[in-house]
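Per the numbering used here, the very first residue in the sequence shown carries number 2; after that it's consecutive.
Ideal Cβ positions, reconstructed from N, Cα and C, are used throughout, including at glycine.
Computed from a prediction, not measured in an experiment: that's the story for all the values here.
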Amino acid sequence: MPISFENNTITPLPPAAVTQKSAPQTIELFLGMFAHELRTQVAGTVQVCRYIREGSKSEAFFQALETTTLDTLHILDNMLDTVKFHNGKLDITPAYCQIDFRSWITPVIRQQERTAALQQKDVCLILHPSLENIQVTTDPVKLGQIVQNLLSNALKYSHPGTVITVKCRLESNAISLQVINQGMEIPPEKVSRLFMPYERLDNGLAGTGLGLFLSAQYAQALGGALAVQSERGNTVFTLTLPV
């Protein structure tokens, strides 16, 4: 996939490379995208089931189980409706609706708090006052997938005892959402390939290598962009989303 590379920052260009692949390659990518999202959600459901089986039968866990299962259905329905393969091309069409950004982002971040705690990490959400009463017309399912993929990536590559920080603010009629972690630095030679399909930072860690690729594709489909900077042990992914 073509990229713009400058000052250790990647900004993916329009997803022409996806549509220019051969039909078998595109089908493989299409199926891989579905498998990636399904696996992520099912893994969350399995984890909650384990907590309940171990005796943690509070209402909160049953609520988490229901929420995760419903999220799985929403994501699959959204992908079936908006990610289509035909004539050898992969098309992503957002399903737009209006959301209050502050009200929407808080529960999305809280979904990762339990996972972070199990890894001796924490997740901190910082909302700038500029976001008060800001309404965004977007596809909330795909936006949620972007945020969850970035958080999952940050948790995977951060050190125990550290905090994953999510900073959100309004800048020039666009929302800037940053996911910041302390841990494994991205080598310069891998930065330029980070948003390509099936690329992973460390082959020893589980994953399909599709999370960041999907996030970049969805960001573009929503009219935004995804960029990354990694230096001195800090990695910052920045999602820019038009209001």
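>> Measuring straight from C-alpha to C-alpha, what distance separates R103 and L126?
In response: Start at 1 with the first residue of the sequence shown, and residue 103 comes out as number 102. Start at 1 with the first residue of the sequence shown, and residue 126 comes out as number 125. Approximately 11 Å between the Cα atoms of the pair.
> Helix, strand or coil for L178 per DSSP?
Replying inline: Here residue 178 corresponds to residue number 177 of the sequence shown, with the count starting at 1. In the displayed model, L178 falls within a strand according to three-state DSSP.
> What number of angstroms, rounded off, separates the C-alpha of V137 from the C-alpha of V47?
Replying inline: In the sequence shown, counting from the first residue as 1, residue 137 sits at position 136. In the sequence shown, counting from the first residue as 1, residue 47 sits at position 46. Going by the C-alpha atoms only, they are around 33 Å apart.
> What residue does the alpha helix (DSSP H) around L152 start on, and which one ends it?
Replying inline: In the sequence shown, the residue the question calls residue 152 occupies position 151. Unbroken alpha helix (DSSP H) run through L152: 141 to 158.
>> Is the separation between the beta-carbon of P95 and that of L227 shorter than 7 Å?
In response: Mapped onto the sequence shown, residue 95 falls at position 94. Mapped onto the sequence shown, residue 227 falls at position 226. Their beta carbons are not under 7 Å apart, which means P95 does not touch L227 by this criterion.
> Taking just the CA atoms, how far does Y219 sit from L195?
Replying inline: The sequence position of residue 195 within the sequence shown is 194, counting from 1. The sequence position of residue 219 within the sequence shown is 218, counting from 1. For L195 and Y219, the distance between alpha carbons rounds to 15 Å.
> Can you tell which of E232, N134, L128 has its C-alpha closest to the C-alpha of P188?
Replying inline: Position 187 of the sequence shown holds residue 188. The candidate whose alpha carbon is nearest that of P188 is E232.
>> Rounded to the nearest angstrom, what separates L211 and A44 at their Cα positions?
In response: Position 210 of the sequence shown, counted from the first residue, corresponds to residue 211. Position 43 of the sequence shown, counted from the first residue, corresponds to residue 44. Straight-line Cα distance between these residues: approximately 16 Å.
> Helix, strand or coil for F238 per DSSP?
Replying inline: Counted from its first residue, the sequence shown places residue 238 at position 237. In the three-state reduction of the DSSP assignment, F238 falls in the strand class, which pools E and B.
>> Quick check on N134: buried or exposed, where buried means 16 or more other Cβ atoms within 10 Å of its Cβ?
In response: Taking the first residue of the sequence shown as position 1, residue 134 is located at position 133. Counting Cβ neighbours within 10 Å, N134 comes out exposed, since fewer than 16 surround it.
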